[in-house]
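One structure is given here, and the rest of the page talks about it.
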Amino acid sequence: MLRDALPKIVTPLPGPKSQLVIHKRASEIPSSISCATPCAISRAEGAVVEDLDGNIFLDFVGGIGVMNIGHSDPEVVEAVKKQADRYFHPQINTFHYSEYVDLAERLNRLTPGSHKKRTAFFNCGSEAVDNAVKIARCYTKRPNIIAFTGAFHGRTYMAMTLTASANPYQTGFGPLCQGVYRAPYPDLYHRPQGISEDQAVDYYLKQLCNMLDESVSPDTVAAVILEPVQGESGFVAAPISYVKELRKICDRHGILLIADEIQTGYCRTGRMFATEYWADAGVYPDLMTSAKSIAAGIPISAVTGRDEVMEAPALGGQLGGTYGGNPLACAAAMKVLEIMERDDFAAKARAIGEKTMKRFREWYEAYPVIGDVRGTGAMLSLEFVKDRETKEPYTEAANTIMAGCKKNGLVVKNAGVYGQTIRLLMPLCLSDEQLTAGLDILEKQIALFVSGGNR
Ligand SMILES: Cc1ncc(COP(=O)(O)O)c(C=O)c1O
73 MLRDALPKIV TPLPGPKSQL VIHKRASEIP SSISCATPCA ISRAEGAVVE
123 DLDGNIFLDF VGGIGVMNIG HSDPEVVEAV KKQADRYFHP QINTFHYSEY
173 VDLAERLNRL TPGSHKKRTA FFNCGSEAVD NAVKIARCYT KRPNIIAFTG
223 AFHGRTYMAM TLTASANPYQ TGFGPLCQGV YRAPYPDLYH RPQGISEDQA
273 VDYYLKQLCN MLDESVSPDT VAAVILEPVQ GESGFVAAPI SYVKELRKIC
323 DRHGILLIAD EIQTGYCRTG RMFATEYWAD AGVYPDLMTS AKSIAAGIPI
373 SAVTGRDEVM EAPALGGQLG GTYGGNPLAC AAAMKVLEIM ERDDFAAKAR
423 AIGEKTMKRF REWYEAYPVI GDVRGTGAML SLEFVKDRET KEPYTEAANT
473 IMAGCKKNGL VVKNAGVYGQ TIRLLMPLCL SDEQLTAGLD ILEKQIALFV
523 SGGNR
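Every letter in the sequence shown is one number past the one before it in the numbering used here, and letter 296, counting from 1, is 368.
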């Protein structure tokens, strides 16, 4: 079975059949839609991908956090086939259908907090973010939104405006949306030199408060949008002590708190949602966006929020879209959630996290190019630096190590403003043997880089 396989590279990469696809791609689709892995795939199961030339890879990218359940899970495939036999697309403004309603009910129950919630479905993460902003503005009747440095919220106009990296995401696409302000994300590793982690939390809170005093009046702010663990910036977790104070600041000023769980959701962080860690401290977001791993690769996203907030857009047709909550995607999502709860995927993520962090810590001791090791559940990353004191990003290290991994059958992806961080988003269904094999390949490439062997 492909899902049990270990990596095996049988041709130079890309192999001859992959080359044909890659060549055609180069002339037929925009170059801006880039691809980092030199192969074209034939099939995928669990954490394993086979290319057209018979090369077998371990996939530690998982569709960028979409494949927590694993590629082509047989139960999900069956659920989608069954739905396809009944109907594809009645359209939610045209017919009632139970798949949409049942999935909404499930998310209202699963997301943290026993308060009354409602859920609306869209097609991708960016669209969920845009709609969360629409809902927040409509409820508060205020125009402004605060987002954070390092944030990634997507590529539609509002989501792109909320996204921090001007380069590359916004380059050439302006003008952007109005009403977005940016506060420093509570990044403990990159805190100002000479202060402790506790002092850093105070420092970051002070920066936010200064902003509310000087740059944007709090009574004009509809919402603060925060990733519980930032994804594209390299898996940086917001400390709970920061989130607790942030909630208080929001409450004091009538500002909504939006948690963007698009990359953290659906068991990645060792809980069904990362905001369950917030809930342990009594903090709940008003609105939550989720997408990616909800439906094993079928496009669907969600905004789940407090009843009265979600009910603010009152006029028919204000929220939604042609495809939002398509029944095929809903059927896949229902099955994914059933499996995740039944087989305790959150525990699987915690076990992967523990084993990987143990290896990461050993590597930190052995390889000075590693500046920081981070992990929340199975949201795991290694940041490469030229110097541990200055923390100067070492992009070349990340790039060389990633390229070496691919040549040996492990697909990994980088993150961080400078691409200096390697992040792991392996499907949570992978076997212990596959995890070890993947980590062994990664370690070998780090060691080779340090010794100059793969440069
Ligand atoms: C935290 C976060 N928000 C939003 C998005 C945008 O999602 P999509 O690419 O589905 O539009 C992403 C995608 O990586 C993300 O990680």
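C-beta atoms are modelled at their ideal positions from N, C-alpha and C, and glycine is treated no differently.
{"Query": "Cutoff 8 angstroms; reference I312; Cβ partners in own chain excluding five residues on either side", "Result": "Y349, W350, D352, A353, V355"}
{"Query": "I207: first and last residue of the uninterrupted alpha helix (DSSP H) it sits in", "Result": "197-212"}
{"Query": "One or two residues paired with Y253 in a DSSP bridge", "Result": "I218"}
{"Query": "Near ligand 1: C196 beta-carbon under 7 angstroms from a heavy atom", "Result": "yes"}
{"Query": "T394 vs E455 beta-carbon contact at 8 angstroms", "Result": "no"}
{"Query": "Close Cβ partners of M528 (< 6 angstroms) along its chain, the five nearest in sequence each way excluded", "Result": "Outside the shown range of the chain, which is 73 to 527, sits residue 528, and nothing can be said about it."}
{"Query": "N165 in three-state terms, based on DSSP", "Result": "coil"}
{"Query": "Span of the beta strand (DSSP E), counted from its first residue to its last, around R178", "Result": "Careful: R178 lies outside any beta strand (DSSP E), inside the alpha helix (DSSP H) at 170-182."}
{"Query": "Test item: CB-CB of I113 and E122 under 8 angstroms", "Result": "yes"}
{"Query": "Contact test: F307 Cβ vs ligand 1 heavy atom, cutoff 7 angstroms", "Result": "no"}
{"Query": "Other residues of its chain near T221: CB distance less than 7 angstroms, five sequence neighbours each side excluded", "Result": "A236, R254, P256, Y257"}
{"Query": "R190, enclosing beta strand (DSSP E) - first and last residue", "Result": "189-194"}
{"Query": "Presumed contact (8 angstroms Cβ cut-off) between A108 and D131, rounded CB distance", "Result": "Wrong, their Cβ atoms sit about 12 angstroms apart, outside the cutoff."}
{"Query": "Cβ-heavy atom distance, V36 to ligand 1, below 7 angstroms", "Result": "Because the chain spans 73 through 527 in this model, residue 36 falls outside it and cannot be assessed."}
{"Query": "Proximity below 8 angstroms, CB of L298 to CB of A309", "Result": "no"}
{"Query": "Supposed contact pair L328 and T212 - C-beta distance, whole angstroms, cut 8 angstroms", "Result": "6 angstroms"}
{"Query": "Three-state secondary structure assigned by DSSP to H262", "Result": "coil"}
{"Query": "C-alpha distance - Q155 paired with C322, whole-angstrom precision", "Result": "42 angstroms"}
{"Query": "Nearest candidate by alpha-carbon position, reference K463, set I424, M451, G443, S365", "Result": "G443"}
{"Query": "Proximity of G87 and N127 at Cβ, strictly below 8 angstroms", "Result": "yes"}
{"Query": "Nearest-angstrom Cα separation, counted from S305 out to Y159", "Result": "40 angstroms"}
{"Query": "Simplified DSSP state of K153, which is helix, strand or coil", "Result": "helix"}
{"Query": "V201 CB to nearest heavy atom of ligand 1 below 7 angstroms", "Result": "yes"}
{"Query": "Nearest neighbour of K430, chosen from G185, D512, I267, L391 [CA to CA]", "Result": "D512"}
{"Query": "Neighbour flag for Q302 against chain D, beta carbons, 8 angstroms", "Result": "Among the protein chains of the structure shown there is no chain D, as only one such chain exists."}
{"Query": "Contact under 8 angstroms by Cβ, A208 with A295", "Result": "yes"}
{"Query": "Limits of the unbroken beta strand (DSSP E) element including S305", "Result": "Segment: none, S305 is in no beta strand (DSSP E) and carries neither H nor E."}
{"Query": "Nonlocal neighbours in the same chain, by C-beta distance under 6 angstroms from A192, ignoring five residues either side", "Result": "V375, L391"}
{"Query": "Residues near Q242 by beta carbon distance below 8 angstroms, same chain, minus five either side", "Result": "M232, T233, T235, L248"}
{"Query": "For F307 and L452, believed in contact at Cβ under 8 angstroms, the rounded distance", "Result": "7 angstroms"}
{"Query": "Beta-bridge partners of K485, as assigned by DSSP", "Result": "R495"}
{"Query": "N- and C-terminal bounds of the alpha helix (DSSP H) containing I136", "Result": "134-137"}
{"Query": "Reduced DSSP secondary structure (H/G/I, E/B, other) of V93", "Result": "helix"}
{"Query": "Contact belief for L124 with K478 at Cβ below 8 angstroms, rounded distance in angstroms", "Result": "The Cβ separation is near 16 angstroms, so there is no contact."}
{"Query": "Secondary structure of M451, DSSP reduced to three states", "Result": "strand"}
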